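To start, the structure itself, in structure tokens.
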Amino acid sequence: MPLKRKAQKASVDISSIVKRDFSYLARNPDSDNRPLWIDPDKGYIILERFHPLADLATDFLVIIAEPQSRPAFLHEYKITPHSLYAAVSVGLNGEDIISTLDKFLKTELPQTIKEFIRSFTKSYGKVKLVLKSNKYFVESSDADVLQALLEDNIIGPLLVNGSDEITTTRAPALGGLVIPGTKHAAGAQQANLPRTVDKESDHIEAILNDEENDDEEEAVHSFEIPDSAVEAVQKRCLDLSYPILEEYDFRCDNINPDLDIDLRPNTRIRPYQENSLSEMFGNGRAKSGIIVLPCGAGKTLVGITAACTIRKGVIVLCTSSVSAVQRRNEFLKWSNINPEDITTFTSDSKEKFSGSTGVIVTTYSMVTNSRERAHDSKKMMDFLAGREWGLMLLDEVHVVPANMFRRVISSIKTHSKLGLTATLLREDDKIDHLNFLIGPKLYEANWMELSQQGHIAKVQCAEVWCSMPTVFYEQYLQVSSRMKRTLAAINPSKFQACQFLINYHEARGDKIIVFSDELYSLKLYAYKLKRYLIYGGTSQEERLRVLDHFRHSPEVNTLFLSKIGDTSLDLPEATCLIQISSQFGSRRQEAQRLGRILRAKRRNDEGFNAFFYSLVSKDTSEMHFASKRQAFLIDQGYAFKVITKLVGIEKTPDLAFRTAAEQRELLQGALVDNETAVDDEFGADDLWGGEKSGGKGKKNTVRRVAGYLDQLSGVQNMAYIERNTSSNKGLKRTKGEKSEFFKKMDREKKRRKNK
1 MPLKRKAQKA SVDISSIVKR DFSYLARNPD SDNRPLWIDP DKGYIILERF HPLADLATDF
61 LVIIAEPQSR PAFLHEYKIT PHSLYAAVSV GLNGEDIIST LDKFLKTELP QTIKEFIRSF
121 TKSYGKVKLV LKSNKYFVES SDADVLQALL EDNIIGPLLV NGSDEITTTR APALGGLVIP
181 GTKHAAGAQQ ANLPRTVDKE SDHIEAILND EENDDEEEAV HSFEIPDSAV EAVQKRCLDL
241 SYPILEEYDF RCDNINPDLD IDLRPNTRIR PYQENSLSEM FGNGRAKSGI IVLPCGAGKT
301 LVGITAACTI RKGVIVLCTS SVSAVQRRNE FLKWSNINPE DITTFTSDSK EKFSGSTGVI
361 VTTYSMVTNS RERAHDSKKM MDFLAGREWG LMLLDEVHVV PANMFRRVIS SIKTHSKLGL
421 TATLLREDDK IDHLNFLIGP KLYEANWMEL SQQGHIAKVQ CAEVWCSMPT VFYEQYLQVS
481 SRMKRTLAAI NPSKFQACQF LINYHEARGD KIIVFSDELY SLKLYAYKLK RYLIYGGTSQ
541 EERLRVLDHF RHSPEVNTLF LSKIGDTSLD LPEATCLIQI SSQFGSRRQE AQRLGRILRA
601 KRRNDEGFNA FFYSLVSKDT SEMHFASKRQ AFLIDQGYAF KVITKLVGIE KTPDLAFRTA
661 AEQRELLQGA LVDNETAVDD EFGADDLWGG EKSGGKGKKN TVRRVAGYLD QLSGVQNMAY
721 IERNTSSNKG LKRTKGEKSE FFKKMDREKK RRKNK
């Protein structure tokens, strides 16, 4: 009896079990036929992914809400001001969003959510910034809104010549735009046949496929602002709850010359790529904004297709000179552009295109460099700043600091901006700056859905726990934080696990990338295992040579990379990734590194066809950071398998650091070598490269370091370098064997000399 009473009490007192009770929300009679639940307090929406209407609901939610978590059966989204801003930018209004949510929800749509949606959509999308004839205009179909902006004490004085005149024109016709590479492009040249209307089309699909045809009948009101006032007007409009949408009416641009570029006839883009571009060109103009696709899903091709659609001058910004060279090659691969019309602007190349317009691929650091430039660089920068560009493609937008974006946008004048990224994640929570500097998020794909459809690889993720020898752990507890990272990275057990995994995956024909943020450990692993490596100090020529051999040579199957390989490196052949050191708890970096092996594989193995290993030293801070880093990938539906012991590792031939003496020698060497400064991690063209920090005019101070007496000779490194030469040097071109003809000529020369 007492147990029964206790059970009854627990069943009644629900508030002690659940944090929030939404049982007061009235359920619809047909709630079983609807896939959505909603949190009226915080705007979270739960989608039943197993529901028959899940696909249609997903298409709608991706537009109006931010994906938070998307595992197998339940997806979580959140309605935010920025997500509503993005929804309005693609043509939806507040009442459309409310009515569609009502059709999907199992309960009545709470009044708080209705008010939230109406408050943020009533002013969104009413003001647009358009560049016409090299002049900026603020446009709106609502004359009252423009009049209110003119009367503002900040915007009013910024008008050209102080004029408060509003110009009224007709909106352009929006039909007839065909995006290259889509299924509609093949029949674009055929006669326009009358389109039949499906009378049974669903109301929801009609909303999602709305092409804003009503705009053709509307009058457009506008006033002109000077170039220097663009950012100030954008910021003020945002403060007034009128965020500005940037649009480019490229088909009516008769001022800027057309670029002769199109996708190659055999190029067809995938459905999700077509959907992302449809959001960008949905109303016949090019909207500025951000497209989010996982690594390996074809972000580069999306950018190239956008350039082929606009067909005006294009400037592409990358994070490094290597990625700039790769991006130029991708343009030549997928489009029919004349090679003379696409050039690179890096520290090694400063060429202009030959025609009246073209494509220039450069790096963020080259454009934003604030130091004194060389003559050629200054001429090239003046060329970029003095032109009007049709499209600016911004690669890996999530990693670029906001102040760097401001310098890029203020120095180069462009009609439209398209940001490409794999994840809108930043650990400093400054990702919202992109909504203001570039535009709203136009599209975001589902990682697991693309994996199931075969567009990206199926990845097995594993976390390998590596115990630390006693002698190492004793030192770990005593040294500085920086030295702790080094000891955790060179943990002998971790080294052995890495060696075992490399041998195993090379034997099964995989191409392997090994990542380390800790430069000392990166070089130690690469030299000891006699594998190739790329880091910040690697020259541009050597980087390209090593990457080329990794892609095409059957003898180069493993490549060690520092953090410069996190973004923008095209390595489609990689099928296995091993991470031995990382950047604390960065979720963004974990997603970027997984992306190195996400490219769809040629092999048709059943189940997983790519492997991601994160090697973690047990009982260290790496354990804590590893769980934080995996949060984003787990939200995308990935599962991490924990491996505590690698079966068969003790049978590995030539296993490194087997004995206690070898481990003590490794520890002593690390403690001595890490007293000196590490190499500079980034080159001049890399995103984080450039000026070195340091005070001006500071005196050199005396420092006591541990070491050996023979180091005073100045030649203590000679034997070390001889024993540990980089494997990269083996890739340098060697002189081929001379033919018999030239051997005979040499013998004749020697004979004549001896006479």
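According to full-length UniProt numbering, the sequence shown holds residues 1 to 755 in order.
Backbone N, C-alpha and C define an ideal beta-carbon position, used for all residues, glycine too.
All values derive from a computational prediction rather than experimental measurement.
Item                                                                                                                                      : Value
Close-in-space but distant-in-sequence residues of the same chain around arginine 723 (CB under 8 Å, 5 per side omitted)                  : Reliability of the predicted coordinates at arginine 723 is poor, the pLDDT of 44 falling under 50, and the value obtained from them is presented with this limitation in mind. No residues qualify anywhere along the chain.
Exposed unless 16 or more other CB atoms sit within 10 angstroms - verdict on alanine 72                                                  : exposed
Histidine 455, enclosing alpha helix (DSSP H) - first and last residue                                                                    : Careful: histidine 455 lies outside any alpha helix (DSSP H) and carries neither H nor E.
Which residues DSSP lists as bridging threonine 362, in chain order                                                                       : Leu317 and Phe345
Boundaries of the alpha helix (DSSP H) in which threonine 486 is found, first to last residue                                             : 481-489
Sheet register partners of methionine 392 (DSSP bridge)                                                                                   : Ile315 and Lys417
Backbone CA spacing between phenylalanine 543 and cysteine 318 [nearest angstrom]                                                         : Correcting the residue type first, residue 543 is arginine in the shown sequence and not phenylalanine. Roughly 16 Å separates the two Cα atoms.
Contacts around asparagine 491, its chain only, beta-carbon distance under 7 Å, and the 5 residues preceding and following it disregarded : Cys466, Met468, Phe472 and Ser617
Other residues of its chain near tyrosine 720: CB distance less than 6 Å, five sequence neighbours each side excluded                     : Caution applies to tyrosine 720, whose pLDDT of 42 falls short of 50 and renders its modelled position unreliable; the value that the coordinates give is listed next. Excluding residues within five positions, none has a Cβ falling inside 6 Å.
Lysine 114 versus Val90, Leu129 and Leu84, residue with shortest Cα-Cα distance                                                           : Leu84
Ranges of the beta strand (DSSP E) found wholly within the stretch 236-271, counting only runs of at least 3                              : 245-248
Under the three-state DSSP convention, the category glutamine 630 falls into                                                              : coil
Glutamate 622 versus Ser586, Leu655 and Ala639, residue with shortest Cα-Cα distance                                                      : Ser586
Assumed close pair glutamine 326, aspartate 570 - CB separation to whole angstroms, cut-off 8 Å                                           : 5 Å
CA-to-CA distance, glutamate 246 to methionine 392, given in whole angstroms                                                              : 13 Å
Threonine 579 (DSSP reduced to helix, strand or coil)                                                                                     : Going by the sequence as given, residue 579 is glutamine instead of threonine. Of the three classes helix, strand and coil, the one that applies to glutamine 579 here is strand, per DSSP.
Neighbour-count burial assignment, cysteine 295, 16 or more Cβ in a 10 Å radius                                                           : buried
Beta-bridge pairing of valine 138 - partner residues as DSSP gives them                                                                   : Leu129 and Phe223
Whole-number beta carbon distance between proline 180 and leucine 293, since they are thought to touch under 8 Å                          : Contact doesn't hold; Cβ gap of about 18 Å is too wide.
Any C-beta of chain B under 8 Å from that of tyrosine 638                                                                                 : Of the protein chains in this structure there is only one, and it is not chain B.
Candidates Leu158, Val160 and Val127: closest to leucine 146 by CA position                                                               : Val127
Straight-line Cα distance separating histidine 221 from tryptophan 334                                                                    : 40 Å
Outcome for threonine 644 when other beta-carbon atoms lying within 10 angstroms are tallied against a minimum of 16                      : exposed
Reference leucine 53; option with closest CA among Ile97, Pro81, Lys106 and Phe22                                                         : Lys106
6 Å CB neighbourhood of isoleucine 244 in its chain, flanking five on each side removed                                                   : Val127, Leu129, Gln234 and Cys237
Contact between the stretch 276-288 and the stretch 414-424 (3+ Cβ pairs under 8 Å)                                                       : yes
Alpha-carbon to alpha-carbon, asparagine 254 and isoleucine 154                                                                           : 33 Å
Secondary structure of residue 782, DSSP reduced to three states                                                                          : Residue 782 lies beyond the residue range present for the chain, which begins at 1 and ends at 755; the question has no answer from this structure.
Strand pairing of threonine 558, partner residues [DSSP]                                                                                  : Ile512
Classification of tyrosine 242 by the beta-carbon crowding that lies within 10 angstroms, buried from 16 upward                           : buried
Cβ-based burial, leucine 332 [other Cβ within 10 Å; buried from 16]                                                                       : exposed
Exposure label - histidine 552; buried when at least 16 CB within 10 Å                                                                    : exposed
Contact check, arginine 596 vs isoleucine 513, beta carbons under 8 Å                                                                     : yes
Inter-residue Cα distance where the pair is glutamine 475 and glutamine 663                                                               : 12 Å
Buried/exposed call for threonine 470, threshold 16 Cβ in 10 Å                                                                            : exposed
Stretch pair the stretch 367-385 + the stretch 342-355: three plus CB contacts closer than 8 Å                                            : yes
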